[in-house]
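Here the protein sequences come in this chain order: A and B.
Sequential numbering of the first sequence, starting at 1, is according to this note's numbering.
Sequential numbering of the second sequence, starting at 1001, is according to this note's numbering.
Note that CB positions come from ideal geometry on N, CA and C, so glycine has one too.
Below is one structure; the comments refer to it alone.
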Amino acid sequence: MQKVTITDAILVSNYIKGDESALEVLITRHKQRIYSFIYSKVFDRDIAEDIFQDTFIKVIRTLKRGKYNEEGKFLPWVMRIAHNLVIDHFRKNNRMPKFDNSGDFDIFSVISDTSLNAEKVMVKEQVESDVRRLIDELPEDQKEVLVMRMYNDMSFKEISERTGVSINTALGRMRYALINMRKVIEKHNIVLTN
Amino acid sequence: MAKIYSEHSNTPKKQGFKLRPKDETISFILNYSKALSVINYKNLKFEALQN
């Protein structure tokens, strides 16, 4: 028995006349080609699915409004609609870039809210207060250099001029100040982290 | 330098998918078609979706 294939043009014509089953035949006939075309551009199944759906919604509306005038060229016409919708999709995405978190890289691992919350502000104040008390325990000459360097942001040249000692001496006092502070921190198990 | 051969997890060929739309999508399109009617009034066309 010979299989009779109804042409696209006849199916489109039947559909316009009200035969809903003609659309089903057209979709079944061309769905793989149209979907593959869309997928080859967007590389995402969900997006391809959406564009496929939008393509046929446009096809249906055009046909039902009687605006279709490309008899015999149904598939190229649908492909052109799909192509335009793919372009629209990329245009929309360029305007509003989004991050795809499906891979190994998580964008939220590198961006964070840098402002401190109430708890972090309190911890920061506590740490700063502890450090100041540690500095107060240092010998006067070491304390002087450390305060000038860390709090007044002075260079060692400026410190040496201000204190009347050589740069090397100022550097040495700074070094011993830090060593002594570390010793006290370790001895008393002080936690200075924010 | 190490080469990284990464492939998108959604790649259909890897997962044995066939490149065709889901049945639900086809079903939605066919139902939309059945529900949509265009009403002609003089030179105007109105679309109506009936569920």
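Give me, in chain order, the residues of the same chain whose beta-carbon lies closer than 8 Å to that of residue i; leave out the 5 immediate sequence neighbours on both sides.
i       : result
Y39/A   : R45 and A48
K1045/B : V1038 and I1039
I16/A   : L63, K64, G66 and Y68
S160/A  : S166, I167, T169 and A170
Judging by CA-CA distance, which residue of the options is the nearest neighbour of residue i?
i       : options                           : result
E140/A  : L192/A, G164/A, D50/A and R173/A  : R173/A
L171/A  : D88/A, F156/A and N189/A          : F156/A
L192/A  : R33/A, M122/A, L146/A and T169/A  : M122/A
L134/A  : V165/A, E158/A, S160/A and K187/A : K187/A
L1030/B : E161/A, D19/A and N180/A          : D19/A
V42/A   : Y15/A, L85/A and G66/A            : L85/A
S129/A  : T55/A, I190/A, M154/A and E161/A  : I190/A
S36/A   : Y151/A, K67/A, M79/A and I185/A   : M79/A
Name the chain C residues whose beta carbon is nearer than 9 Å to that of residue i?
i     : result
R61/A : Chain labels in this structure do not include chain C; the protein chains are A and B.
For residue i and residue j, which I take to be in contact (beta-carbon distance under 8 Å), what is that distance rounded to the nearest angstrom?
i       : j       : result
S1037/B : A1048/B : 5 Å
I81/A   : V59/A   : 6 Å
T1025/B : Q53/A   : 5 Å
V195/A  : A177/A  : Past the edges of chain A, shown from 1 to 194, lies residue 195/A, and the structure says nothing about it.
N168/A  : L138/A  : Not really, about 19 Å apart at Cβ, beyond 8 Å.
Please go through the same chain and pick out, in chain order, the residues whose beta-carbon is closer than 6 Å to the beta-carbon of residue i, but skip the five residues on each side of it.
i       : result
Q1015/B : Residue placement at Q1015/B is poorly supported in this model, since its pLDDT is 49, which falls under 50; the coordinates still yield a value, given next. Closer than 6 Å at the Cβ level, and outside the excluded window around Q1015/B, lies no residue.
F74/A   : D8 and V12
Quick one: what's got a C-beta closer than 7 Å to residue i's C-beta in the same chain, skipping five residues either side?
i       : result
Q1050/B : A1035 and S1037
- Closer than 7 Å, Cβ to any Cβ of chain B: which residues of the stretch 8–21 of chain A, in chain order? Only E20 from the stretch 8–21 of chain A bring a Cβ to less than 7 Å from some Cβ of chain B.
- Residues of the stretch 1023–1048 of chain B whose Cβ lies closer than 8 Å to any Cβ of chain A, in chain order: Residues of the stretch 1023–1048 of chain B that bring their beta carbon within less than 8 Å of a beta carbon in chain A comprise T1025, I1026, F1028, I1029, L1030, Y1032, S1033, K1034, L1036, S1037, V1038, K1045 and E1047, in sequence order.
- Message: Counting beta carbon pairs with one atom in the stretch 25–39 of chain A and one in the stretch 1021–1030 of chain B, are three or more of them shorter than 8 Å?
- Response: Cβ pair count under 8 Å is three or more, so yes.
- Message: Give me the subset of the stretch 153–184 of chain A whose CB atoms are less than 9 Å from a CB atom of chain B, sorted by chain position.
- Response: Flagged: no residues at all.
- Query: In the stretch 25–37 of chain A, which residues sit with their C-beta less than 7 Å from some C-beta in chain B, listed in chain order?
  - Reply: Against chain B - using a Cβ distance shorter than 7 Å - the residues of the stretch 25–37 of chain A are I27, K31, Q32, Y35 and S36.
- Cβ-based contacts, 7 Å cut-off: residues of the stretch 114–138 of chain A near chain B: For the stretch 114–138 of chain A, which is checked against every Cβ of chain B, not one residue is closer than 7 Å.
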